[in-house]
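**Q** Just passing along the structure, written as structure tokens.
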């Protein structure tokens, strides 16, 4: 009857494994939006390549790289935030909070779900990008691992902050929880360089690890040698963001226990 | 004499200016079923949530299994469980999948056999491959109880387990709880607005009103102290504001 190591994390992952494997529509949702985005940007890229001057070819492939890597961050965020919301929607949150699950185990379980979502969608997207637009993600070589790693870490931080918002303000904050990745997207230099932003917004962009990853991606595609430096900065920022998100989550859980918000969110 | 399984000492909970729980103290012995009664707003749910660690106390102390809940929450929760009419297991999973997930969350090593054994005990083995959200209210209650007994809890908190069930199902669920409790020796804290439930299931009753304990004793003692024939009558008199002498003042 004693606990076995990581049983709580296994339980959380198992729950989502069951959810996605027994419901075709849920699995469809995993692929629909990223494939839709890829196709739109892919065809736009092709159009610009065909109609623009010769030197346009490289910048437009940046767009496809951006689409693929953005999905990594987005899926990681959603893995954490939507997994939590799923428990709110199904009125299961109290059952989870009264189970012997530590906060870090809950967060680690959600992060693992986010990681698995990335593992499932990104290969499919990459194959599609290669088949339809001859964009080979493997051209990033070994840089692909730190690109993915950094975006996963930042996605998890965003997911934790989104969950803190829902815990503190209830279902009223659900919309914000969904929108959080898109609120950051204009500042995170997915499809354009940080320099493109107005001067006063550039510090905002530079404070986001993902901006450094997307900049590094463009350097890698252009064959420049500043890739490692950008990824190092991204990793350092990620440590700060993770620590901050963890502290915010811990602080909000304390407030939720003091004000009785857990039961309100769970039964509303 | 063994120490009580649960000791609550002078528990207070303030939500801003509002005092929801005001100096509640009680103990629960091993194998005992204690009914928590009181009108809406009496503080039952707040006390229950504090026992589960969902709400922190403003002051006072909760000790379960001889350990402070504040500092040993996870170890304590591992030996407890909870079921409420106001929560549900994820409706989009099969019954056996839900139970497997909770067996993992509770760290049950022999989870496959335990899930099977508990489903048989609660008569839901035939529902194993049904979608949880498609169950009737009675079936869902039995599955919730199945989850609540999965980890062989020493302490079980049941929040209105028979709410919104028809009398036939209420009777069956009540019998199931009582029989399983007798076999397992689990201590139970039980809230209900069904006074018959309380009389038939609980060994002792704690009456709360406006956050304070106003009576504590066996159902017969409570009825006798109010010179009343039924707990329902006692409940109505308390809810309407009469007979509010506090337990400690008796």
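Residue numbers (my numbering), protein chains in the order written: chain F, 3 to 270; chain X, -13 to 236.
Every residue gets a Cβ at the ideal spot worked out from N, C-alpha and C, and that includes glycine.
Using a Cβ-Cβ cutoff of less than 6 Å, which residues in the same chain neighbour residue 149 of chain X once the five nearest sequence positions on both sides are dropped?
**A** On the second chain, position 163 is the one that residue 149 of chain X refers to. So the list reads 71, once near-sequence residues are dropped.
**Q** If we ignore side chains and look at the alpha-carbon of each, how far apart do residue 25 of chain X and residue 155 of chain X end up?
**A** The residue you call residue 25 of chain X lines up with position 39 of the second chain. The residue you call residue 155 of chain X lines up with position 169 of the second chain. Each residue's alpha carbon lies about 24 Å from the other.
**Q** Cβ of residue 214 of chain F within 8 Å of Cβ of residue 232 of chain F?
**A** On the first chain, residue 214 of chain F is found 212 positions in, with the first residue counted as 1. On the first chain, residue 232 of chain F is found 230 positions in, with the first residue counted as 1. In this structure, residue 214 of chain F lies near residue 232 of chain F, with their beta-carbon atoms less than 8 Å apart.
**Q** Hey, residue 135 of chain X and residue 84 of chain X are a contact pair by Cβ (cut 8 Å); roughly how many whole angstroms apart?
**A** The count along the second chain starts at 1 and reaches residue 135 of chain X at position 149. The count along the second chain starts at 1 and reaches residue 84 of chain X at position 98. Cβ atoms of residue 135 of chain X and residue 84 of chain X stay farther apart than 8 Å, at about 14 Å.
**Q** Quick check on residue 12 of chain F: does DSSP put it in helix, strand or coil?
**A** Counting from one through the first chain, the residue named residue 12 of chain F turns up at place 10. Looking at residue 12 of chain F - three-state DSSP - the assignment turns out to be helix.
**Q** Name the DSSP beta bridge partners of residue 252 of chain F, please?
**A** As a working mapping, residue 252 of chain F is identified with position 250 in the first chain. Paired residues: none, contrary to the question.
**Q** Here's the rule: buried if 16 or more other CB atoms are within 10 angstroms of the residue's CB, otherwise exposed. What is residue 143 of chain F?
**A** Within the first chain, residue 143 of chain F is the residue found at index 141, counting from 1. By the 10 Å Cβ count, residue 143 of chain F comes out exposed.
**Q** Using beta carbons (cut-off 8 Å, strictly below), is residue 86 of chain X in contact with chain F?
**A** Here residue 86 of chain X refers to the residue found at position 100 of the second chain. It does; some Cβ of chain F falls within 8 Å.
**Q** Would you call the stretch 32 to 46 of chain X and the stretch 233 to 246 of chain F in contact, with 3 or more CB pairs under 8 Å?
**A** No, the stretch 32 to 46 of chain X is not in contact with the stretch 233 to 246 of chain F.
**Q** For residue -12 of chain X, collect the residues of the same chain with a Cβ closer than 6 Å to its Cβ; drop the 5 residues on either side in sequence, then sort them by chain order.
**A** Taking the second chain and counting its residues from 1, one reaches residue -12 of chain X at position 2. Spatial neighbours of residue -12 of chain X in its own chain (CB-CB distance under 6 Å, excluding positions within 5 residues in sequence) are not present.
**Q** Excluding sequence positions up to five away, which residues of its chain have a Cβ less than 7 Å from the Cβ of residue 122 of chain F?
**A** Residue 122 of chain F sits at position 120 when you count from the first residue of the first chain. So the qualifying residues of the chain are 32.
**Q** Checking contacts by CB at 8 Å: is residue 228 of chain F closer than that to chain X?
**A** In the first chain, residue 228 of chain F corresponds to position 226, counting from 1. For residue 228 of chain F, no Cβ of chain X is located within less than 8 Å of the residue's own Cβ.
**Q** Measuring only the C-alpha atoms, how far is residue 172 of chain X from residue 151 of chain F?
**A** Your numbering for residue 172 of chain X matches position 186 in the second chain. Your numbering for residue 151 of chain F matches position 149 in the first chain. Whole-angstrom Cα-Cα distance: 47 Å.
**Q** Measure the alpha-carbon distance for residue 140 of chain X versus residue 175 of chain F and round it to whole angstroms.
**A** Reading the second chain from its first residue, position 154 is the one you call residue 140 of chain X. Reading the first chain from its first residue, position 173 is the one you call residue 175 of chain F. Roughly 38 Å separates the two Cα atoms.
**Q** Determine the contact status of residue 220 of chain F and residue 64 of chain F, defining contact as a CB-CB distance below 8 Å.
**A** The residue given as residue 220 of chain F occupies position 218 in the first chain. The residue given as residue 64 of chain F occupies position 62 in the first chain. Cβ distance < 8 Å, so residue 220 of chain F and residue 64 of chain F count as in contact.
**Q** Could you give the distance in angstroms between the alpha-carbon of residue 0 of chain X and the alpha-carbon of residue 6 of chain X?
**A** Counted from its first residue, the second chain places residue 0 of chain X at position 14. Counted from its first residue, the second chain places residue 6 of chain X at position 20. Rounded to whole angstroms, residue 0 of chain X to residue 6 of chain X spans 6 Å at the Cα level.
**Q** What would DSSP say about residue 78 of chain F, mapped onto helix, strand or coil?
**A** Here residue 78 of chain F refers to the residue found at position 76 of the first chain. DSSP places residue 78 of chain F in helix when its eight states are reduced to three.
**Q** Please specify which runs of the alpha helix (DSSP H), each continuous and at least 4 residues long, are wholly inside the stretch 150 to 214 of chain X, giving them in chain order.
**A** 153 to 170, 181 to 187, 205 to 211
**Q** With distance defined between alpha-carbon atoms, name the residue in X/73, X/78, X/16, X/108 nearest to residue 51 of chain X.
**A** The residue labelled residue 51 of chain X in the question sits at position 65 within the second chain. X/16 is the residue among X/73, X/78, X/16, X/108 whose C-alpha sits nearest the C-alpha of residue 51 of chain X.
**Q** Counting only beta-carbon separations shorter than 8 Å, does residue 4 of chain F have a partner in chain X?
**A** Taking the first chain and counting its residues from 1, the one referred to as residue 4 of chain F is at position 2. Note that residue 4 of chain F has pLDDT 49, beneath the 50 cutoff, so the model's placement of it is unreliable and the number below is only indicative. Yes, because at least one Cβ of chain X sits closer than 8 Å to the Cβ of residue 4 of chain F.
**Q** Can you list, in chain order, the residues of its chain with a C-beta nearer than 7 Å to that of residue 217 of chain X? Leave out the 5 residues immediately preceding and following it.
**A** Here residue 217 of chain X corresponds to residue number 231 of the second chain, with the count starting at 1. Sequence-distant Cβ neighbours of residue 217 of chain X in its own chain, meaning closer than 7 Å and more than five residues away, are 181, 184, 185, 205, 208, 209.
**Q** Does residue 76 of chain X have its Cβ less than 8 Å from a Cβ in chain F?
**A** The residue you call residue 76 of chain X lines up with position 90 of the second chain. Yes, because at least one Cβ of chain F sits closer than 8 Å to the Cβ of residue 76 of chain X.
**Q** So for residue 49 of chain X, helix, strand or coil by DSSP?
**A** The residue labelled residue 49 of chain X in the question sits at position 63 within the second chain. Three-state result, residue 49 of chain X: strand.
**Q** Are residue 75 of chain X and residue 104 of chain X closer than 8 Å when you measure CB to CB?
**A** Numbered from its first residue, the second chain carries residue 75 of chain X at position 89. Numbered from its first residue, the second chain carries residue 104 of chain X at position 118. No; because the gap between Cβ atoms is not below 8 Å, this pair is not in contact.
**Q** Judging by CA-CA distance, which residue of X/-4, X/19, X/11, X/164 is the nearest neighbour of residue 189 of chain X?
**A** Mapped onto the second chain, residue 189 of chain X falls at position 203. It is X/19.
**Q** Would you give the residue range spanned by the beta strand (DSSP E) that residue -5 of chain X belongs to?
**A** As a first step, residue -5 of chain X is located in the second chain; it is residue number 9 there, counting from the start. Here the beta strand (DSSP E) through residue -5 of chain X covers -8 to 1.
**Q** Taking residue 1 of chain X as the query, report the chain F residues whose CB atoms sit under 8 Å from its CB, ordered along the chain.
**A** Stepping through the second chain from its first residue, residue 1 of chain X is reached at position 15. The answer, in chain order, is 261, 262.
**Q** Mind checking which residues open and close the alpha helix (DSSP H) that includes residue 206 of chain F?
**A** For the purposes of this step, residue 206 of chain F is identified with residue 204 of the first chain, where counting begins at 1. Counting along the chain, the alpha helix (DSSP H) containing residue 206 of chain F begins and ends at 204 to 208.
**Q** Taking CB distances under 8 Å as the criterion, tell me whether residue 103 of chain F reaches chain X.
**A** Here the question's residue 103 of chain F lines up with position 101 in the first chain. Yes, contact with chain X.
**Q** Alpha carbon to alpha carbon, what distance is there between residue 202 of chain F and residue 280 of chain F?
**A** Outside the shown range of chain F, which is 3 to 270, sits residue 280 of chain F, and nothing can be said about it.
**Q** Compile a chain-ordered list of the residues in the stretch 51 to 72 of chain X whose CB is closer than 9 Å to at least one CB of chain F.
**A** 59, 60, 61, 62, 63, 64, 65, 66, 67, 68, 69, 70, 72
**Q** Quick one: what does DSSP say residue 267 of chain F is sitting in, helix, strand or coil?
**A** Here residue 267 of chain F refers to the residue found at position 265 when the first chain is read from its first residue. It is helical.
**Q** Mind checking the stretch 125 to 141 of chain F against chain X and listing, in chain order, the residues whose C-beta falls within less than 9 Å of any C-beta there?
**A** For the stretch 125 to 141 of chain F, the beta-carbon criterion of a distance under 9 Å to any beta-carbon of chain X is satisfied by none of its residues.
**Q** Can you list, in chain order, the residues of its chain with a C-beta nearer than 7 Å to that of residue 89 of chain F? Leave out the 5 residues immediately preceding and following it.
**A** Start at 1 with the first residue of the first chain, and residue 89 of chain F comes out as number 87. For residue 89 of chain F, where only same-chain residues beyond five positions count, the Cβ hits under 7 Å are 95, 98.
**Q** To be precise: take each residue of the stretch 19 to 48 of chain X, compare its Cβ to all Cβ atoms of chain F, and keep it if any distance is under 9 Å. Which residues remain?
**A** Against chain F - using a Cβ distance shorter than 9 Å - the residues of the stretch 19 to 48 of chain X are 31, 32, 35, 38, 39, 40, 41, 42, 44.
**Q** For a test of the three-state rule: what should DSSP assign to residue 151 of chain F, helix, strand or coil?
**A** For the purposes of this step, residue 151 of chain F is taken as the residue at position 149 of the first chain. In the structure shown, residue 151 of chain F sits in a helix (DSSP, three-state: H, G or I).
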